[in-house]
Structure formats: structure tokens, C-alpha cells
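For the sequence shown, numbering that gives the first Met the number 0 gives the first residue as 0, with consecutive numbering after it.
The structure under discussion appears below in the form of C-alpha cells.
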Amino acid sequence: MIIYLTHPPLAPTDSSGQPSFIDIHDAVIENVRYMAAVKSFILCDKVIHDQVDGKHSAIGLFDSIVAPAFPCRHGVFGLILLVTDIDGPNNFVVELANIETQQLVARAQFPTITVKDRTESSNIAMQFPPLTFPSPGRYEFRLFSNGEFIDRRDL
């Protein structure tokens with residue numbers, strides 16, 4: 000396969016006036032750091048981790064919390080992420096915050112993850128303790144990898 004890239008900002012032209020391209024067929028790209036990417040983001044009542052096969056099971060899936068009054072205390076719940084493009088050791092942190100006020104409800108760190116092949120997908124999961132939501136509004140989970148924001152999901 001041959002990939003052609005134009006020279007920025009405008010492609011120069013050759014003697015015939017046609018755009019010039021670079022043939023990078025045999026080029027080697029070095030020092031590329033991939034950013035982890037989230038393939039799925041699952042909220043549930045409970046996460047079960049099978050010690051034999053290492054798989055996670057999500058029990059009681061949900062995507063919103065409804066409360067009759069605030070502040071609201073929500074019981075224990077789980078979060079499972081399916082992540083790919085993990086390049087080197089990754090320290091994942093998840094925050095739960097009110098979108099309008101930016102007030103944090105929770106912040107948690109997953110154990111450091113390192114995989115042999117960045118193209119493999121990895122499940123990471125955690126169980127949150129009961130949390131208090133101070134006011135009605137829209138909340139979101141924000142995921143960071145090695146201190147850099149990578150994804151978000153509304154609650």
C-alpha cells in the first residue's frame with residue numbers, strides 16, 4: 000500500500016504544474032504515542048469479576064439516575080470500560096461531575112494498566128461506593144489517561 004501526503008500548507012507543484020506528493024511507502028514512523036480510546040462505557044448496579052477467566056460481568060445496566068429530592072444519595076454502582084490503544088503504562092482516572100457547575104461528585108483511579116499489544120482491548124472496572132448528588136442537573140463521567148482527557152459520557 001502506498002500513502003501519499005501533500006506538503007503543508009499548500010502542495011507544491013512539479014514542472015508540469017501537478018501537485019507534488021511524498022511516497023512514504025517505506026517510511027518508518029518513530030516516537031508515536033497512541034492515546035487510549037474507549038470502545039464502551041457501561042454503568043451497572045454491580046460488577047462481577049470472574050477469577051478463573053478474568054472476565055467482567057455487568058449486573059443491572061442503567062444510564063440515568065432519578066431522584067425525588069436533593070441532595071440525593073445513590074447506592075453502590077459499577078463502571079466497566081472497554082479500552083484499546085493502551086500504549087505503555089496507563090494510569091486511568093475517572094471523575095463524575097455536574098456539567099453545569101463543574102462540581103465533582105467523585106474521583107477514582109484505576110490500577111495502572113500495561114498491555115503487550117496496544118491493538119488489544121482491555122476491560123477495566125471498578126465499584127463506586129454510595130455517592131451524594133448535591134443538586135439536580137446533568138452529570139458526566141470524564142476519563143483521563145496519564146493526566147490527559149480522553150473521553151466523557153453523560154449520566
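Every residue, glycine too, gets a C-beta built ideally from N, C-alpha and C.
Just so we're clear, the structure is a prediction, and the values are computed from it rather than from any experiment.
Exercise. Tell me, please, which residues DSSP counts as bridged to N90.
Key: On the sequence shown, position 91 is the one that residue 90 refers to. According to DSSP, which records beta bridges pairwise, N90 is partnered with nothing at all.
Self-check item: Element boundaries [beta strand (DSSP E), containing S56]
Solution: Locating residue 56 in the sequence shown gives position 57, where the first residue counts as 1. S56 -> beta strand (DSSP E) spans H55 to L60.
Quiz item: Hey, L42 and F91 are a contact pair by Cβ (cut 8 Å); roughly how many whole angstroms apart?
Solution: Taking the first residue of the sequence shown as 1, we reach residue 42 at position 43. Taking the first residue of the sequence shown as 1, we reach residue 91 at position 92. That belief does not hold up - the Cβ atoms of L42 and F91 are roughly 16 Å apart, past 8 Å.
Quiz item: Using CA coordinates, which residue listed in G146, A96, S144 and T131 is at the minimum distance from A68?
Solution: To locate residue 68, count along the sequence shown from 1; it is residue 69. Minimum Cα distance to A68 is reached at T131.
Quiz item: Can you round the beta-carbon distance between S144 and N89 to whole angstroms, since I take them to be within the 8 Å contact cut?
Solution: Here residue 144 refers to the residue found at position 145 of the sequence shown. Here residue 89 refers to the residue found at position 90 of the sequence shown. About 5 Å separates the two Cβ atoms, so the contact holds.
Quiz item: In its own chain, which residues sit with a C-beta less than 8 Å from the C-beta of V104, not counting the 5 before and 5 after it?
Solution: Reading the sequence shown from its first residue, position 105 is the one you call residue 104. Counting only Cβ-Cβ distances below 8 Å, and skipping sequence neighbours, we find L95, A96, N97, L130, T131, F132, P133 and Y138.
Practice problem: Give the C-beta separation of R117 and D84 to the nearest angstrom, bearing in mind that I take them to be a contact with Cβ-Cβ under 8 Å. | Solution: In the sequence shown, the residue the question calls residue 117 occupies position 118. In the sequence shown, the residue the question calls residue 84 occupies position 85. Yes, R117 and D84 are in contact; Cβ-Cβ is about 5 Å, under 8 Å.
Self-check item: Buried versus exposed call for V93 [16 or more other C-beta atoms within 10 Å across all chains shown]
Solution: For the purposes of this step, residue 93 is taken as the residue at position 94 of the sequence shown. Flag for V93 reads buried.
Self-check item: DSSP beta-bridge partners of N97
Solution: Position 98 of the sequence shown, counted from the start, is the residue given in the question as residue 97. Bridge partners of N97: Y138.
Quiz prompt | At least 3 beta-carbon pairs within less than 8 Å: the segment 47 to 67 vs the segment 118 to 125 | solution = yes
Quiz prompt | Residues that I47 bridges to, as DSSP identifies them | solution = In the sequence shown, residue 47 corresponds to position 48, counting from 1. Its beta-bridge partners are S56.
Quiz item: Is it right to say I47 is buried, meaning 16 or more other beta carbons lie within 10 angstroms of its own, or is it exposed?
Solution: In the sequence shown, the residue the question calls residue 47 occupies position 48. Exposed: under 16 other Cβ atoms inside 10 Å.
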